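In what follows, a single structure is set out as structure tokens and then discussed.
Protein chains in written order, with the working numbering: chain A, 2 to 538; chain B, 6 to 447.
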């Protein structure tokens with residue numbers, strides 16, 4: 002049913018309501034009537050019910066409203082009964098609190114829209130200010146800050162007097178300040194104090210609140226508000242530089258992660274590997290398959306799915322890399338043009354194979370709980386998934402570097418790429434090392450796919466969007482040098498993120514490409530050029 | 006099957022001829038004995054021109070399946086004019102020039118009576134000259150930027166006044182939005198739609214500083230800066246909303262970033278024009294609860310016709326989870342309109358069918374009637390849906406009646422005097438001021 006319910010239907014519903022009241026006069030009090038309104042499936046009735054339930058003082062009120070907020074409130078359209086499915090799966094009758102065994106088939110969720118969600122948030126804010134759960138109290142204080150309902154002032158003040166937790170106390174003081182700022186009969190000095198508290202908060206929500214102070218307030222107050230606004234704005238402008246730097250680091254880590262495998266196959270081995278992006282895609286699909294298995298068989302392990310996917314993705318992409326090297330690339334060493342065309346064709350084959358196997362649509366890869374959400378650092382928001390990807394990238398880079406430096410395979414790889422004939426005469430099986438090196442680069446691309454599945458689409462086209470950027474990073478950093486790739490990725494990431502707010506996303510990207518072209522003109526071998534005889538080889 | 010085989014043989018023969026450097030002429034001559042035209046007597050051929058590989062495969066593959074499904078259903082009912090329908094599927098591979106080549110192949114070689122196809126505007130523009138030159142019919146099922154009315158094309162998707170404008174109206178009235186972010190992918194559809202929306206918002210008294218327009222490249226995935234820009238823009242003390250014309254794959258990372266940065270629909274709602282059930286199938290929609298989409302069809306709409314369609318579609322695809330979406334409904338309407346027009350004209354001759362189509366009415370899936378208008382657009386209801394936790398939409402608002410599609414936007418200076426009328430005026434861009442055919446788009 003839609004917002005505009007016809008009058009006839011409304012009259013009918015009213016009649017039904019009246020009838021139910023008449024039939025069970027002993028049970029139906031005003032609270033039951035209010036709750037029954039949820040069954041009407043009409044947004045304005047639901048809004049009225051929210052207000053009535055919130056002000057009823059009934060102990061079930063906050064249970065009902067939080068169930069409505071989370072989509073756990075359902076209604077039986079025939080009997081007009083409302084049920085709460087509690088978060089532990091138990092079902093109760095919303096009006097009486099009595100336990101219910103099973104819901105009948107025609108029971109449907111009570112629908113809400115954004116207007117109602119805001120009403121619920123505001124109502125819950127008032128109800129849970131005195132809750133025993135500190136997290137709920139904090140959320141309540143924050144939602145009161147946003148809604149600044151005047152009639153909540155006494156509740157906020159009594160909560161403030163009782164509160165012992167420092168951060169909640171702070172939030173409550175801010176909520177109180179927000180209410181006073183908009184209270185028509187508050188004194189000017191109280192309002193000035195309130196502005197000082199809000200100014201100290203100093204974030205975008207404080208700014209939004211102060212911007213809302215209308216011209217109808219006393220001149221003293223509006224002046225204080227506008228000076229607070231400009232001080233917050235200049236403070237935020239400074240933070241936005243920090244934020245750009247963080248975004249740059251995070252973009253740089255994604256670029257590095259995508260490019261690091263290519264730094265091996267293209268950088269160290271010199272194979273122009275256009276199928277590199279598809280190795281990343283295979284890694285992402287491995288993550289999808291792992292998550293599907295976990296979802297159907299061992300749902301409890303979901304938070305570890307990425308940890309399980311990392312070694313598997315390395316093995317899958319690495320094995321395919323070895324097969325590609327053995328069957329195609331080894332015949333094409335020293336023929337860059339043919340390699341380019343063959344790997345380009347290969348990338349199309351791999352894409353279409355995945356499209357045939359998994360379908361052309363995006364596959365859902367979920368974020369484990371430790372990779373969702375964000376935290377505030379000063380005035381900037383840092384999202385967990387980006388933070389973990391940065392850590393992960395640096396770890397992969399460190400491990401790769403250590404492997405090349407300290408293991409026998411690493412030594413052989415460096416020997417073969419520096420001087421193949423010499424290495425062969427020292428007894429190194431060069432073709433085996435070639436296969437393993439290519440497998441290593443592909444495997445690392447697969448690992449990158451696991452991380453990128455957290456921030457991008459898992460679709461057959463995943464790899465294509467990274468291939469250009471990857472080549473850009475490796476060429477800019479200097480072919481054959483892992484450190485160059487690291488510095489190149491972060492330089493490009495940070496430069497891009499400082500350009501983006503000024504030039505926009507489209508022009509920013511073009512500007513970066515132009516800068517790279519100019520840079521390559523000046524230094525054709527990139528940031529960190531290899532020196533010595535290896536260059537000529 | 007047989008024609009598919011002869012088609013293959015024909016192609017092979019031609020390749021061999023080419024390989025023997027006998028030249029194109031000989032190649033065509035060699036293939037002519039196998040020409041599928043001879044098989045065309047007992048079936049009517051229907052061309053399907055949707056990308057099955059490349060970037061657009063994600064959206065277009067479903068539409069190919071939809072047409073095959075509709076043909077299958079129609080054949081069960083006995084076909085059209087006593088003949089069975091036969092689909093000819095080609096793959097233009099998300100490659101715009103290839104669209105034109107494949108369209109030419111469908112019309113000249115396979116002799117199709119009608120083509121259902123294209124998704125992006127650039128692919129439609131690429132095939133337009135082919136359809137004009139060879140005089141065939143294209144049914145185009147996707148919402149688009151308008152500013153076009155062609156004799157050979159029937160637009161069954163929404164024009165801007167059937168999607169964008171009602172969505173903005175909804176936000177203004179129901180959510181009391183005062184500040185607007187127009188966020189789009191950088192290509193023709195978002196740019197034109199945003200131009201129309203900007204003009205519309207200004208005509209409603211929105212100040213220029215309360216409108217922010219941002220464009221991002223195709224497949225953009227690093228949304229951190231853009232989303233924090235939106236957050237900053239939204240902290241000016243006025244209710245803010247985002248109108249998103251972000252296309253395709255870029256949507257998933259955009260919504261993920263919104264969720265991660267904690268922008269909830271109750272604070273800054275996002276209304277999207279290119280996000281449907283199919284796109285949401287790839288994301289966890291819980292953080293997106295309450296963000297909006299404007300379409301002319303939602304899978305969750307409960308009507309007997311829709312329930313039947315979903316049931317048969319899932320049975321046909323043998324996938325009980327397969328979703329339906331707006332462009333699929335557009336194909337459903339377009340296909341049924343074509344069948345009716347062919348039966349009315351008593352022939353599949355494109356000229357006769359083009360003349361028969363305006364005025365044809367067919368029920369849509371949401372309980373209304375779609376009528377083909379003289380400007381080759383159709384009437385549609387407009388729904389606003391909120392994203393639910395299960396990847397479906399909850400309809401929260403709909404237009405009171407059906408909205409007729411405008412080929413030319415009334416908001417733009419250059420096009421407000423133009424109308425498309427292929428019945429009376431026989432002209433796609435008739436200027437009502439000068440009473441002449443021509444002007445923009447001619």
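Every residue gets a Cβ at the ideal spot worked out from N, C-alpha and C, and that includes glycine.
Small disclaimer: the values here were computed from a predicted structure and weren't measured.
Three-state class that DSSP yields for residue i in the structure shown
i                     : result
residue 25 (chain A)  : Caution applies to residue 25 (chain A), whose pLDDT of 42 falls short of 50 and renders its modelled position unreliable; the value that the coordinates give is listed next. The answer is coil: DSSP assigns residue 25 (chain A) none of H, G, I, E or B.
residue 189 (chain A) : helix
residue 524 (chain A) : coil
residue 231 (chain A) : helix
residue 438 (chain B) : coil
residue 392 (chain A) : helix
residue 257 (chain A) : helix
residue 544 (chain A) : No answer is possible for residue 544 (chain A): the residues shown for chain A start at 2 and end at 538.
residue 430 (chain A) : coil
residue 407 (chain B) : coil
residue 174 (chain B) : helix
residue 376 (chain A) : strand
residue 453 (chain A) : helix
residue 398 (chain A) : helix
residue 94 (chain A)  : strand
residue 552 (chain A) : Residue 552 (chain A) is absent from the model: chain A starts at 2 and stops at 538.
residue 444 (chain A) : helix
Within-8 Å CB hit, residue i to chain B
i                     : result
residue 27 (chain A)  : Model confidence at residue 27 (chain A) stands at a pLDDT of 41, short of 50, so the residue's coordinates are unreliable; what they give is reported in the following sentence. Judged by the 8 Å Cβ criterion, residue 27 (chain A) is not in contact with chain B.
residue 302 (chain A) : no
residue 456 (chain A) : yes
residue 213 (chain A) : yes
residue 175 (chain A) : no
residue 501 (chain A) : yes
residue 252 (chain A) : yes
residue 507 (chain A) : yes
residue 518 (chain A) : no
residue 200 (chain A) : no
Limits of the unbroken alpha helix (DSSP H) element including residue i
i                     : result
residue 358 (chain B) : 355 to 361
residue 309 (chain A) : 306 to 328
residue 342 (chain B) : 331 to 350
residue 220 (chain B) : Careful: residue 220 (chain B) lies outside any alpha helix (DSSP H), inside the beta strand (DSSP E) at 216 to 221.
residue 74 (chain A)  : Segment 74 to 76 is the beta strand (DSSP E) holding residue 74 (chain A); no alpha helix (DSSP H) there.
Which residues DSSP lists as bridging residue i, in chain order
i                     : result
residue 368 (chain B) : B:374
residue 50 (chain B)  : B:91
residue 432 (chain B) : B:426
residue 160 (chain B) : B:145 and B:382
residue 54 (chain A)  : BP columns for residue 54 (chain A) are empty, so no partner.
residue 384 (chain A) : A:375
residue 389 (chain B) : B:299 and B:402
residue 211 (chain B) : Answer is none; residue 211 (chain B) lacks a bridge partner.
C-beta atoms of residue i and residue j nearer than 8 Å
i                     : j                     : result
residue 215 (chain A) : residue 495 (chain A) : no
residue 356 (chain A) : residue 459 (chain A) : no
residue 111 (chain A) : residue 62 (chain A)  : no
residue 176 (chain A) : residue 128 (chain A) : no
residue 358 (chain B) : residue 72 (chain B)  : no
residue 259 (chain A) : residue 453 (chain A) : yes
residue 318 (chain A) : residue 444 (chain A) : yes
residue 288 (chain B) : residue 257 (chain B) : yes
residue 106 (chain B) : residue 433 (chain B) : no
Cβ of residue i within 8 Å of any chain A Cβ
i                     : result
residue 249 (chain B) : no
residue 62 (chain B)  : yes
residue 257 (chain B) : yes
residue 74 (chain B)  : no
residue 298 (chain B) : no
residue 394 (chain B) : yes
residue 231 (chain B) : yes
Test: residue i CB closer than 8 Å to a CB of chain D
i                     : result
residue 252 (chain B) : Within the model displayed, chain D is absent; protein chains A and B are what it includes.
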